[in-house]
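**Student:** Just so you know, we're using full-length UniProt numbering here: the sequence shown kicks off at 9 and counts up by one. Every residue, glycine too, gets a C-beta built ideally from N, C-alpha and C. Since we're looking at a predicted model, the values are computed, not measured.
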Amino acid sequence: RGGLYFVATPIGSARDITLRALDVLASADVIAAEDTRSMRRLLEIHGVPLGDRPLLSYHDHSGSGARDKLMGFLEQGLSVAYASEAGTPLIADPGYHLSRAASEAGHMVTSAPGPSAIVTALTLAGLPTDAFFFAGFLPNAKSARRSGLEAVRDVPGTLVFYESPKRVGAMLKDAAAVLGADRQAAVCRELTKKFEEVLRGSLGSLTEAAEGRNFKGEIVVLIDRARGESASEDDIEGALRSALENMSVRDA
Ligand code: SAM
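1. Please state if the CB of V195 and the CB of I231 are separated by a distance shorter than 8 Å.
2. Going along the chain, which residues of its own chain have a beta-carbon closer than 6 Å to the beta-carbon of residue 264, five neighbours each way excluded?
3. Where does E171 land, buried or exposed, given buried means 16+ other C-beta within 10 angstroms?
4. Roughly how many angstroms lie between the CA atoms of residue 8 and Y13, to the nearest whole one?
5. Report all residues from its chain with a CB closer than 7 Å to the CB of S238; omit the five preceding and five following residues, and keep chain order.
6. State the beta-bridge partners of Q192 as determined by DSSP.
7. Rounded to the nearest angstrom, what separates Q192 and P136 at their Cα positions?
8. Consider the C-beta atom of E226 and the heavy atoms of ligand 1; say whether any pair is separated by less than 7 Å.
9. Among A159, G177, R233 and E205, which residue has its Cα nearest to the Cα of G220?
10. Take every Cβ of the stretch 120-130, pair it with every Cβ of the stretch 70-78, and state whether three or more of those distances are shorter than 8 Å.
11. Measuring CA to CA, which of Y104, E205 and A183 is closest to R154?
12. Thinking just about the alpha-carbon of each residue, which of A234, R108 and T17 is nearest to the one in A91?
13. Roughly how many angstroms lie between the CA atoms of G59 and I19, to the nearest whole one?
14. Given a cut-off of 8 Å, decide if L30 and H54 are closer than it, judged by their beta-carbon atoms.
15. Under 7 Å: does the beta carbon of L180 sit that close to some heavy atom of ligand 1?
16. By DSSP, does S107 sit in helix, in strand, or in coil?
17. Just checking my contact of L187 with R161 at CB under 8 Å: how many whole Å lie between their CB atoms?
18. Under a Cβ-count criterion, where at least 16 other Cβ atoms within 10 Å of its own Cβ denotes burial, should K174 be classed as buried or exposed?
19. Could you give the uninterrupted runs of the beta strand (DSSP E) lying entirely in the stretch 139-187, keeping only those of 3 residues or more?
Here is the structure:
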């Protein structure tokens, strides 16, 4: 069926791709990718022949020419599969402008969902997942980074940041200063890859641990919400338990 298909691809382990994503890549009339080389490799690994189908490079910032070309294919009633370099398109990755253009023009827009570092990190961090806020990448400059942290200080949910290994130490230090050294946090590194690692602890202890380290690879930092401002599941459970204990003491 003609339309735009966003396809999620692995964030590390090549086999983390869904059967439907492979079906979409095998059957699309046109494939577009943020990085055509990674796409060729992915197709090769999974034995999906490209054949004589067009494989185009598309990035939201690559100018309207590439987008117009893809829109032209959609106008002809063709199916276009789009994948970013890793994980889910549009999530700190290109695809947003293409999605808007296609939906505004009335084309079918759908997704073959799959991996994203946000959800993978949330499942491992050991922090509440009832509500979370994805803050993307913080600015590189210290004062802008601190302002970015101040802006999310009171969000009633787990904060999720993408961070570069070069800056993670400075980011943790700023987070401890702005949000408080006691807040629980996690540093999730190289998810689904050989050297996958999750460091958990307070922002203060993680800052200390980061001081002697030269982080490598891809990183997600997660930070618990400010405590006492809104109830997490643990808070509610704890409150219920103590309420029940008080009741049974009173009843005895
Ligand atoms: N679209 C991707 C997604 O759905 O997660 C994110 C792309 S963004 C350009 C790349 C950033 O995502 C990395 O700098 C890192 O913060 C995070 N990331 C991607 N893969 C990761 C992995 N395997 N482990 C930890 N973080 C990862």
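**Tutor:** Short version:
1. no
2. Outside the shown range of the chain, which is 9 to 260, sits residue 264, and nothing can be said about it.
3. buried
4. The first residue shown for the chain is 9 and the last is 260, placing residue 8 beyond what the model contains.
5. Confidence at S238 is low in this model, with a pLDDT of 49, below 50, so its placement is unreliable and the value that follows should be read with caution. So the list reads P164, once near-sequence residues are dropped.
6. S210
7. 10 Å
8. yes
9. G177
10. no
11. A183
12. T17
13. 26 Å
14. yes
15. no
16. helix
17. 6 Å
18. exposed
19. 140-145 and 166-171
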